[in-house]
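Take a look at the structure set out below.
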Amino acid sequence: MQQGAQDEDLSKKLHIPIEIGHKLISKLIESKSLSYSPYSHFKVGCCLLIKNNETTSDGESFYSYVLGANIENASYGASICAERTTIVKALTSTTTTTTTCKDATNWVCIAIIGGCDNDDGGKIISPCGICRQVIREFVPLDFPIVMFNADASQWECKTMEQLLPDSFGPDHLTHS
Numbered sequence: 001m002q003q004g005a006q007d008e009d010l011s012k013k014l015h016i017p018i019e020i021g022h023k024l025i026s027k028l029i030e031s032k033s034l035s036y037s038p039y040s041h042f043k044v045g046c047c048l049l050i051k052n053n054e055t056t057s058d059g060e061s062f063y064s065y066v067l068g069a070n071i072e073n074a075s076y077g078a079s080i081c082a083e084r085t086t087i088v089k090a091l092t093s094t095t096t097t098t099t100t101c102k103d104a105t106n107w108v109c110i111a112i113i114g115g116c117d118n119d120d121g122g123k124i125i126s127p128c129g130i131c132r133q134v135i136r137e138f139v140p141l142d143f144p145i146v147m148f149n150a151d152a153s154q155w156e157c158k159t160m161e162q163l164l165p166d167s168f169g170p171d172h173l174t175h176s
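Residue numbers for the sequence shown, in the UniProt record's numbering: 1 to 176.
This is the structure in C-alpha cells:
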C-alpha cells in the first residue's frame, strides 16, 4: 500500500481529517528521534493525539500532539517506556492539563513507533504489559492504539480491550 493511501486509511479509522493523520505520523517519527537508548539502540516514540475543545472560525477542530520517547538507564529497571513518558507528560503539562484531558475525554488515540537505527521497516511494535496497564488507567476499553513499524510504512490499530482483555481498571475500584 502506498503511503498516501495508508494515511487516508488511518484518518478514516480514527475519524480525523487526513491532514491531521499525516501530521500524527510526522510527529510520531519526530518522537522516535527523541529516544535515549544507548544500550538497546531500540528507539521508541509515542504520540498522544488530543482533540481540543476550541474550534477555528471555520468550525474545524484544533488538535494537540503530546510526544514522548523511551529513556533508558544503565540500571535497566529504571528505564521508562515511550508510552508512559507521553501519558505522564500529557497529565502534568500546563499546556494540556484540563479536566477532560485527565480523564481522556478528548484523547483521540495513542500511536507508537519503534525499531533499531538500521531497521528498514521491521515489525510493527506494541506496548509492553506495564504500558498497557498504565494506558488502561486513563482510557475507555474502545480507545484506539495505533502501532507502527520502524519507518511508519505499516500500521495496525487495536482497541485497549484487544490489547489488554479482561483488564483491571479504575472502574473496579468504584465505591458504592
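Beta carbons: idealized from backbone N, C-alpha and C, even for Gly. Predicted model only: the values in this text are computed from it and were never measured.
Every unbroken stretch of the beta strand (DSSP E) spanning 3 or more residues and falling wholly within the UniProt domain "CMP/dCMP-type deaminase" (19–171) is given here in chain order: 42–55, 61–69, 107–116, 144–148 and 155–159. Shown here for I25: same chain residues with a beta carbon closer than 7 Å to its own, the five before and five after excluded, namely D7 and A152 in chain order. CA-to-CA, the gap between P17 and G68 works out to about 23 Å.
Rounded to whole angstroms, I71 and S40 show a C-alpha spacing of 11 Å. Non-local C-beta neighbours of R136 in its own chain, meaning closer than 7 Å and more than five positions away in sequence, comprise M160, L164, S167 and G169, ordered along the chain.
Non-local beta-carbon contacts of K27 in its own chain, meaning distances under 8 Å to residues more than five positions away in sequence, involve C47, Y65 and L67 in chain order.
About 11 Å separates the Cβ atoms of E156 and I112, ruling out a contact at the 8 Å cut-off. Looking from the CA of K158, the closest CA among S37, T174, C109 and G129 belongs to C109.
Rounded to whole angstroms, the gap between the alpha carbons of F138 and G129 is 15 Å.
With respect to the C-alpha of G45, the residue from I80, A74 and E54 having the closest C-alpha is I80.
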